[in-house]
Each structure stands twice: as C-alpha cells, then as structure tokens.
Amino acid sequence: MEERDVTTRSSTVEEWTQGLSESTGSPGGGAGTGVMLAVAASLASMVAGYTEPGADHQQTVDDLRDRARRLRSEALHLADEDSTASRAFGAAFRLEPGAERDNAIREASVDAAHASAVLGARAVQAIDDLAWLAAHGNKALIADVVVAFGALRAAVAGARTNVSFDLGSLRSTGASLEEIREQQPELWASVERLTGALERIDALTEQIDSRAAPTDSI
Numbered sequence: 001m002e003e004r005d006v007t008t009r010s011s012t013v014e015e016w017t018q019g020l021s022e023s024t025g026s027p028g029g030g031a032g033t034g035v036m037l038a039v040a041a042s043l044a045s046m047v048a049g050y051t052e053p054g055a056d057h058q059q060t061v062d063d064l065r066d067r068a069r070r071l072r073s074e075a076l077h078l079a080d081e082d083s084t085a086s087r088a089f090g091a092a093f094r095l096e097p098g099a100e101r102d103n104a105i106r107e108a109s110v111d112a113a114h115a116s117a118v119l120g121a122r123a124v125q126a127i128d129d130l131a132w133l134a135a136h137g138n139k140a141l142i143a144d145v146v147v148a149f150g151a152l153r154a155a156v157a158g159a160r161t162n163v164s165f166d167l168g169s170l171r172s173t174g175a176s177l178e179e180i181r182e183q184q185p186e187l188w189a190s191v192e193r194l195t196g197a198l199e200r201i202d203a204l205t206e207q208i209d210s211r212a213a214p215t216d217s218i
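The sequence shown lines up with residues 1 to 218 when you count with the UniProt record's numbering.
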C-alpha cells in the first residue's frame, strides 16, 4: 500500500498500524496521538451509553455522549492532518542547506506544532467529561473509564511532546529557544497547558484506581 493511501478513514486497523510500523513517518507519532484521542472518545461514548442517570442528569449524559462522538470523528481527522504535516516536515529537512531549506523547515515546523496543539487542546477538553463519568457513570464500567484516561493521557503527552519538539526544530534555522518563544508565544504556552493537563489526568486516575483495580490495594 502506498503511503498516501494510509488514512484513518480509508484503511483498516491492520492497514493503518502496518503503515505506522513502516519507516516513513506518515503516519507517525502525531497521527498515533490522534488515534489515541479517538479511542478515549469512543470509550467515553460507550460508558455514557451504558449509564442510566436520574432524570436530572439525563441531558448531561446525552450531551456528553454527543461530544464524545464528535470528538472521535474529529480526532481521526486530526490524525490524518498530522500525517500530511509530517510529510511536509520530512520533505523540508531533505532539502539542500540554504535559505529555501530554512524557510521550508520554519513553515513545516510551525504547521506541525500547530496541528499537535489543536489536537492537544481537544484532548484537554475531554478531561471534564471523563471525570464526570468516573464520578457518576455506570460503576460496572469504571475500568473502561481508566482505560479511556490512559488513552487520553497518551494523546495529551503526545501532543505536548510533538509541539515542543517541532518548536525546537526551529533551532536548525538559526533561531534560539528564546527567539522561538518570542515568535511563537501561543504555541509555547500550549506546552505548559498540556503539562498541567497531564498532572490533572494523573491525579484523577489515582483517585479511581482502587475502584478499577481493587486487587492492587490489598
């Protein structure tokens, strides 16, 4: 299968993961981040569907499930967008040294960082819904909530690392980290926000781990 044919929409899981296993970079870790977010959203939707709240919470559950379904679709779209950004990123670094290469790297790095930042922002927005399910969802599916948190953590961690790495790649054009921070303040700040999100996910997971894995508490 040709590289351009490997997408989350047109490929089976077997085909997509085979594409991920190849040394092409497209799909790569950023696209994998999007797929992990889709897994988290899918599990949130499933748990919400099994949750039978009182009448006062029915609308909350319905809205949560709708958001999760939209996020699953959007995350897969973002995964494919990252694959496109990865191809441009790799192509830029293969150019001959010079002004054209520097400009290509600068554009590709910022585009790739932006794609990862958008994905990370969407992942952060899902934390509240998983926290709600942990507290009010079907108790028999608490293990699924923990798995969803694990997938969400992978998505946030991947987005954070990719934004940081892509920004750092701008140093190959002669820019210092201080200059990069001044030139890309929003992308730079997104790394800190994603770091905070990781800490929150870890705290939430720790709170419910004993319910999901009771044998570990003995």
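The beta carbon of each residue, even a glycine, is placed where N, CA and C say it ideally should be.
Outcome for Ala213 when other beta-carbon atoms lying within 10 angstroms are tallied against a minimum of 16: The residue labelled residue 213 in the question sits at position 213 within the sequence shown. With fewer than 16 other Cβ atoms within 10 Å, it is exposed.
Start-to-end residues for the alpha helix (DSSP H) that takes in Asn138: As a first step, residue 138 must be located in the sequence shown, where it is residue number 138. First-last for Asn138: undefined, no H or E at that position.
Gly30 vs Gly158 beta-carbon contact at 8 Å: Reading the sequence shown from its first residue, position 30 is the one you call residue 30. Reading the sequence shown from its first residue, position 158 is the one you call residue 158. It is a contact, given that the beta carbons lie within the stated cut-off.
Of the residues Ala203, Arg181, Gln125 and Arg200, the one placed nearest Ala68, counting alpha carbons only: Your numbering for residue 68 matches position 68 in the sequence shown. Out of Ala203, Arg181, Gln125 and Arg200, Gln125 has the C-alpha closest to the C-alpha of Ala68.
Cβ separation of residue 246 and Asp82, assumed to be a contact under 8 Å, to the nearest whole Å: Beyond the ends of the chain as shown, which are 1 and 218, falls residue 246; an answer cannot be given.
Through-space distance from Thr33 to Glu2, alpha-carbon basis: On the sequence shown, position 2 is the one that residue 2 refers to. On the sequence shown, position 33 is the one that residue 33 refers to. For Glu2, the predicted structure reports a pLDDT of 40, less than 50, and the residue's modelled location is therefore unreliable. The matter cannot be settled from this model.
Residue from Thr60, Leu170, Arg70 and Ala91 whose Cα sits closest to the Cα of Leu37: As a first step, residue 37 is located in the sequence shown; it is residue number 37 there, counting from the start. Nearest C-alpha to Leu37: Arg70.
Met1 (DSSP reduced to helix, strand or coil): Sequence index remark: in the sequence shown, residue 1 carries index 1 (1-based). Residue confidence for Met1 is low, a pLDDT of 35 falling below 50, so the modelled location carries little weight and cannot support an answer.
Contact the stretch 5–25 vs the stretch 73–81: 3+ CB pairs below 8 Å: yes
Three-way DSSP call (helix, strand, coil) for Ser11 in this model: For the purposes of this step, residue 11 is taken as residue 11 along the sequence shown, with counting starting at 1. In this structure, DSSP gives Ser11 a state outside helix and strand, which the three-state scheme calls coil.
Ala104 - containing alpha helix (DSSP H), residue span: Within the sequence shown, numbered from 1, the residue matching residue 104 stands at position 104. Here the alpha helix (DSSP H) through Ala104 covers Ala99 to Gln125.
Alpha-carbon to alpha-carbon, Pro53 and Gly168: The count along the sequence shown starts at 1 and reaches residue 168 at position 168. The count along the sequence shown starts at 1 and reaches residue 53 at position 53. Computed Cα separation, rounded: 47 Å.
Proximity winner among Asp111, Ser26, Ala131 and Leu177, relative to Val146 (alpha-carbon distances): Reading the sequence shown from its first residue, position 146 is the one you call residue 146. Checked all of Asp111, Ser26, Ala131 and Leu177; the closest Cα to Val146 is Ala131.
Beta-carbon proximity check, Ala112 vs Ala85, cutoff 8 Å: Within the sequence shown, numbered from 1, the residue matching residue 112 stands at position 112. Within the sequence shown, numbered from 1, the residue matching residue 85 stands at position 85. Cβ distance < 8 Å, so Ala112 and Ala85 count as in contact.
Residue interval of the alpha helix (DSSP H) (run including Gln58): Along the sequence shown, one-based indexing puts residue 58 at 58. Where Gln58 is concerned, the enclosing alpha helix (DSSP H) stretches over Gln58 to Phe93.
Spatial distance of Thr143 from Arg160 (CA atoms): Along the sequence shown, one-based indexing puts residue 143 at 143. Along the sequence shown, one-based indexing puts residue 160 at 160. Inspection of the sequence shows that residue 143 is occupied by Ala rather than by Thr. Their Cα atoms are separated by approximately 26 Å.
Alpha helix (DSSP H) segment containing Gly32, residue limits: Within the sequence shown, numbered from 1, the residue matching residue 32 stands at position 32. That run of the alpha helix (DSSP H) goes Gly29 to Tyr50.
Beta-carbon proximity list for Arg106, same chain, < 7 Å, skipping 5 on both sides: Here residue 106 corresponds to residue number 106 of the sequence shown, with the count starting at 1. The answer, listed in chain order, is Leu170 and Thr173.
Own chain partners of Arg101 with C-beta closer than 6 Å, once the 5 adjacent residues on each side are dropped: Translated into positions along the sequence shown, residue 101 becomes position 101. Closer than 6 Å at Cβ, skipping near neighbours: Leu95.
Assigned secondary structure, Pro53 (DSSP; H/G/I helix, E/B strand, else coil): If you number the sequence shown from 1, residue 53 lands on position 53. Pro53 carries a coil assignment under DSSP once its states are collapsed to helix, strand and coil.
Beta-carbon proximity check, Ala48 vs Arg65, cutoff 8 Å: One-based indexing of the sequence shown puts residue 48 at position 48. One-based indexing of the sequence shown puts residue 65 at position 65. Yes, the pair counts as a contact, with Cβ atoms nearer than the cut-off.
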